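In our numbering, the protein residues as written are 7 to 286.
Each residue gets a CB set at the ideal place from its N, CA and C atoms; glycine is no exception.
Predicted model, so just to flag it, every value in this text is computed and none were measured.
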Amino acid sequence: MNSTVFCPLIGNPWRLTTVTEQPPPKPGDSYVQSFARGLEVIRSFSTESAAQTLSEVAARSGLTRAGARRILLTLLTLGYVESDGKLFRLTPRILDLGFAYLSSMPIWNLAEPAMEALVEDVKESCSAAVLDGTDIVYVLRVHTHKIMSINLGVGSRLPACCTSLGRVLLSGLPDAEVRTRLRASRREALTRHTVTDENALFQRVQQAREQGWSLIDQELEEGLISIAVPLRGRDGRVVAALNISGQANRTSVGEMQTRFLPRLQQAAQAVSRMLASQRR
Numbered sequence: 007m008n009s010t011v012f013c014p015l016i017g018n019p020w021r022l023t024t025v026t027e028q029p030p031p032k033p034g035d036s037y038v039q040s041f042a043r044g045l046e047v048i049r050s051f052s053t054e055s056a057a058q059t060l061s062e063v064a065a066r067s068g069l070t071r072a073g074a075r076r077i078l079l080t081l082l083t084l085g086y087v088e089s090d091g092k093l094f095r096l097t098p099r100i101l102d103l104g105f106a107y108l109s110s111m112p113i114w115n116l117a118e119p120a121m122e123a124l125v126e127d128v129k130e131s132c133s134a135a136v137l138d139g140t141d142i143v144y145v146l147r148v149h150t151h152k153i154m155s156i157n158l159g160v161g162s163r164l165p166a167c168c169t170s171l172g173r174v175l176l177s178g179l180p181d182a183e184v185r186t187r188l189r190a191s192r193r194e195a196l197t198r199h200t201v202t203d204e205n206a207l208f209q210r211v212q213q214a215r216e217q218g219w220s221l222i223d224q225e226l227e228e229g230l231i232s233i234a235v236p237l238r239g240r241d242g243r244v245v246a247a248l249n250i251s252g253q254a255n256r257t258s259v260g261e262m263q264t265r266f267l268p269r270l271q272q273a274a275q276a277v278s279r280m281l282a283s284q285r286r
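The following block contains the structure:
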């Protein structure tokens, strides 16, 4: 069993593209363009592009070579980037930025022990995710064994509309906001089971809200089945979601509901109670 925690600024090992990007704000008194460009340079690094030349950084971040060079040299001076004279790489110091997010949210420290106990009990992998635009972002994962062909890890993004975690997270939003995000999503048929129609997806989000959980049967990937429940803060709002994933050839929909769902709900309720008891 192995658990990992998400650092939000590290590149994603795998990402399905969704229509989540908004037009950049126009520069003004409240918008620091150079800072925004610096973040784009940091975001240009990923598992596939862990080491990049100046030209590659410029191309991936949409900057000129001169602009990318100034930012890279600044990051180099501050210790967030290292270079061998040709290739640039992020350094471990970049984790400081991501851990500022983690330390501001007690949920991850509270959720990890409960998730580890759950995985030990059901012998299946467990994940926690939050909603970001039309995507979910994995923030914590406890593995038992690899069940997906894709290299999905913490920090990875997936479309909310075709994941159990995503539908649970969307169910915590008002209907109008759910509609807006579904329309903005790229609703691709990833498998022959994927639901892509906006109205059908809206109904499934409503169902997740009414029953308090969502089950996905091979919509994201052939052979993958998962079930998710919400994590709630002290005000009762959905702040994150937990799921259990398994292989459809050895775990049926019925077994997911009768065997795994009660245990998953117990773990989520325990974490939610701890969140509710936290001081503001």
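Which listed residue (the options) has its alpha carbon closest to that of residue i
i           : options            : result
residue 141 : 192, 132, 133      : 192
residue 59  : 178, 149, 162, 88  : 88
residue 41  : 147, 129, 226, 73  : 73
residue 225 : 146, 253, 216, 239 : 253
residue 232 : 204, 174, 239      : 174
residue 44  : 54, 67, 269, 251   : 67
residue 244 : 282, 57, 258, 250  : 282
residue 251 : 124, 82, 75, 102   : 124
residue 215 : 54, 166, 176       : 176
residue 227 : 262, 164, 83       : 164
Cutoff 8 Å: residue i Cβ touching any chain C Cβ
i           : result
residue 245 : Of the chains in the structure shown, none is chain C; there is only one protein chain.
Alpha carbon of residue i to alpha carbon of residue j, nearest angstrom
i           : j           : result
residue 278 : residue 90  : 47 Å
residue 77  : residue 47  : 7 Å
residue 274 : residue 64  : 43 Å
residue 271 : residue 37  : 43 Å
residue 50  : residue 264 : 43 Å
residue 198 : residue 209 : 19 Å
residue 205 : residue 185 : 9 Å
residue 126 : residue 235 : 18 Å
Nonlocal neighbours in the same chain, by C-beta distance under 7 Å from residue i, ignoring five residues either side
i           : result
residue 61  : 71
residue 86  : 96, 97, 99, 100
residue 257 : 231
residue 280 : 116
Coil, strand or helix - residue i by DSSP
i           : result
residue 36  : coil
residue 125 : helix
residue 252 : strand
residue 54  : coil
residue 230 : strand
residue 74  : helix
Spatial neighbours of residue i in its chain, beta-carbon cut-off 6 Å, leaving aside the 5 residues before and after
i           : result
residue 202 : 193, 195
residue 171 : 135, 142, 234, 247, 249
residue 155 : Note that residue 155 has pLDDT 47, beneath the 50 cutoff, so the model's placement of it is unreliable and the number below is only indicative. Correct list: empty, nothing qualifies.
Residues near residue i in its chain [Cβ-Cβ closer than 8 Å; skip 5 each side]
i          : result
residue 57 : 93, 94, 95
contact_flag[the segment 115 to 132, the segment 172 to 186] where n(CB pairs < 8 Å) is 3 or more: Taking 8 Å as the limit for Cβ pairs, the verdict is that the segment 172 to 186 does not touch the segment 115 to 132.
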